[in-house]
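Participant:
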Amino acid sequence: MRRLACFALVALLAGCATPAERAAQMEREVDEMIQVYGPACERLGYKGATDGWRDCVLGLSAKDSYERYRRSTTTCLGHRGFFQCSTF
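Under my numbering, the first residue of the sequence shown carries the number 7, and numbering increases by one thereafter.
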């Protein structure tokens, strides 16, 4: 039992990320957001590397995250292999 508890503690601590690792992960996420949403914001008329452009990038990212992770309801009606499904 003692070995199991020690092993569980070591496994738990091994899964923790250091602040430097978390900062590096956040930098990678920000770079990805800039690559994905930066060109769209420039097409919308924002000059690159300005506060408005940064707000645009963050706004588009938040909108995309909301649409991707929001809950949706799917209802299917029908019988014997003939179904009509609607998602809201």
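Yeah, the Cβ is synthetic: ideal placement off N, Cα and C, and Gly gets one too.
Ignore the nearest five residues each way along the sequence and tell me which others in Q83's own chain have a CB closer than 6 Å to its CB.
Facilitator: Residue 83 sits at position 77 when you count from the first residue of the sequence shown. One detail in the question is off: residue 83 reads as Leu in this sequence, not Gln. If we look at L83 and ignore the five residues flanking it on each side, its Cβ neighbours are Q90.
Participant: Where in the segment 31 to 82 do unbroken runs of the alpha helix (DSSP H), each at least 4 residues long, occur, reported from the N-terminal end onward?
Facilitator: Fully enclosed alpha helix (DSSP H) runs of 4 or longer: 57 to 75.
Participant: Which word fits Y75, buried or exposed, when buried means at least 16 other C-beta atoms lie within 10 angstroms of its C-beta?
Facilitator: Taking the sequence shown and counting its residues from 1, the one referred to as residue 75 is at position 69. Answer is exposed; the Cβ neighbour count stays below 16.
Participant: Assuming F94 is part of the beta strand (DSSP E), what are its boundary residues?
Facilitator: As a position in the sequence shown, residue 94 is number 88, starting the count at 1. It is not in any beta strand (DSSP E) - F94 carries neither H nor E in the DSSP assignment.
Participant: Check each candidate in F94, D70, R8, A29 and name the one with the smallest Cα separation from S78.
Facilitator: To locate residue 78, count along the sequence shown from 1; it is residue 72. Checked all of F94, D70, R8, A29; the closest Cα to S78 is F94.
Participant: Per DSSP, which residues does G84 bridge with? Please list them.
Facilitator: Start at 1 with the first residue of the sequence shown, and residue 84 comes out as number 78. G84 pairs with F89.
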